[in-house]
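Residue numbers (the working numbering): 10 to 359. See structure below.
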Ligand code: AN7
C-alpha cells in the first residue's frame, strides 16, 4: 500500500524503520494546534498558549502515530498478529491499524477500568479483547511473556517503532510555530509519549536548529510512580488512560525531563477534571487524562514555579472526550424531562 497522507507520506524520511517496513495510513497526524488566548488569560496572561489536539487522529488519540509505524513494521516482516496491553487508546489504535493491514489484533485490558468508547472501538475494529483481573501493569507483564512464547508482534511502546511514529507530533508543532515552544506540557502514563516528543524535538533541532522546549510531564496523584520514585502497586485515578503504576519508559521519561530542564509532577484528580472543564468551555472536549497537561501547567504557574510571561507554551491534549462519555455523564445534573408543549419548555429557556 503506498500512502498519500499520514505519517509515512509526510515524515517518512525521518522515521528510522527497517527496510521491510510496509507503509500504511489512515491519514493520521496533521492534528490542529489551536490558539487558546482566553485560557492563557485565565492562567494569568502575558503568554501564547496552544493546544495540540491529538484527539483529532483517526481513532481519537495520539496512539495512532505510534501504531501506524509499529503495525507497518510488523506487517512488513510478515507478522500475522499483533498484541498489546492497554488502558484503552492503544487497544483502539492497534485494532484499527491491524484491521487496515489485515492482521489479527489481541488486546489485553484491565477489567472494568477502560473507558467505554475505547472498548467499543477495539471491538468495532474486530480485535480480540481480553480482560485481565488486574491492572494495566499486570496486562503488560502478561503480553511481554506471551510474545516470548508465541509468534505475535508486541506493539506496546516498548516497541521502538512506536516512538518513531509518536515523535512526529513534535515535528508538527515545530513546523507550525517555526520553532520549538518554550514549554510543552503533557500527561505521562507508560511514559512513551514524553520520550518520543523529546526524540522528535532533539532530532529536529540537530538538523534544523529549531530549539528545544522544557518538558512538563504530568501524572495523576494516585498513579505517580515517576514523582514518588517507586512503582505504585495499586494505581487509581479518574484518568483511567494514565492509571499506570510501573511505566515501561519511566527511566527515559525522567531523563528527557531532566535533559530539557523540565520536570515531572503530579496533580490530583479534581485538578484534572477542572482542567477538562476549562477546555470544554473553549469548545474542546478531551478525555480526563488528556487534561492532565493543562492541570499541571496551571498548578505550576499558580505556585510560582513556572513563569509563563513572554513564553510560547503548548499543551498536548492526547485523546478525545468522546472516548470517555461516562466521565461527563457520571457528574451530569439530572436532566429535565417535559411533555412536548411550549408551555413546559418555557421555564428552561432562560
Ligand atoms: C489519552 O492506551 O497507556 O505516557 O494503553 O491514552 O505514552 O503512556 C495510554 C496512555 C496520555 C499516556 N493520554 O501516554 C494505553 C495507554 C492518553 C492516553 C497517555 C495515554 P504514555
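All C-beta atoms, glycine included, are put in the ideal place defined by N, C-alpha and C.
For this session: Quick one: residues in its chain with C-beta nearer than 6 Å to the C-beta of residue 272, no 5 flanking neighbours on either side, listed in chain order?
Result: 266
For this session: Closer than 6 Å by C-beta to residue 32: which residues in its own chain qualify, once you throw out the five before and the five after it? Chain order, please.
Result: 12, 17 and 81
For this session: Note down, one range per segment and in chain order, each beta strand (DSSP E) of at least 3 residues found wholly within the stretch 91 to 176.
Result: 113 to 119 and 137 to 141
Problem set entry | Simplified DSSP assignment, three categories, for residue 84 | helix
For this session: Could you check what DSSP says for residue 354 in three-state terms: helix, strand or coil?
Result: helix
For this session: Taking the CB atoms as reference points, tell me whether residue 94 and residue 76 lie closer together than 8 Å.
Result: no
Problem set entry | Validate contact between the stretch 177 to 187 and the stretch 131 to 145 using beta carbons, cut 8 Å, 3 pairs | no
Exercise. Where does residue 192 fall in DSSP's three states?
Worked result: strand
For this session: Determine the closest residue to residue 217 out of 78, 187 and 49, with distance taken between C-alpha atoms.
Result: 187
Exercise. Got a sec, what are the start and stop residues for the beta strand (DSSP E) residue 224 sits in?
Worked result: 223 to 229
For this session: Would you kindly report the start and end of the unbroken beta strand (DSSP E) that includes residue 57?
Result: 57 to 62
For this session: Go to residue 48, then tell me how far its beta strand (DSSP E) extends in each direction, as first and last residue.
Result: Looking at the DSSP string, residue 48 is not in any beta strand (DSSP E); the run it does join, the alpha helix (DSSP H), is 46 to 51.
Exercise. Quick one, which of 175, 235, 46 and 286 has its alpha-carbon nearest residue 40's?
Worked result: 175
Problem set entry | Whole-angstrom distance between residue 233 and residue 89, CA atom to CA atom | 36 Å
Exercise. Would you report the Cα separation of residue 202 and residue 223, rounded to the nearest angstrom?
Worked result: 15 Å
Exercise. Among 278, 228 and 192, which one has its Cα closest to the Cα of residue 199?
Worked result: 228
For this session: Just list the alpha helix (DSSP H) runs in the stretch 265 to 337, keeping only unbroken ones of 4 residues or longer that don't cross its boundaries, in chain order.
Result: 278 to 290 and 301 to 311
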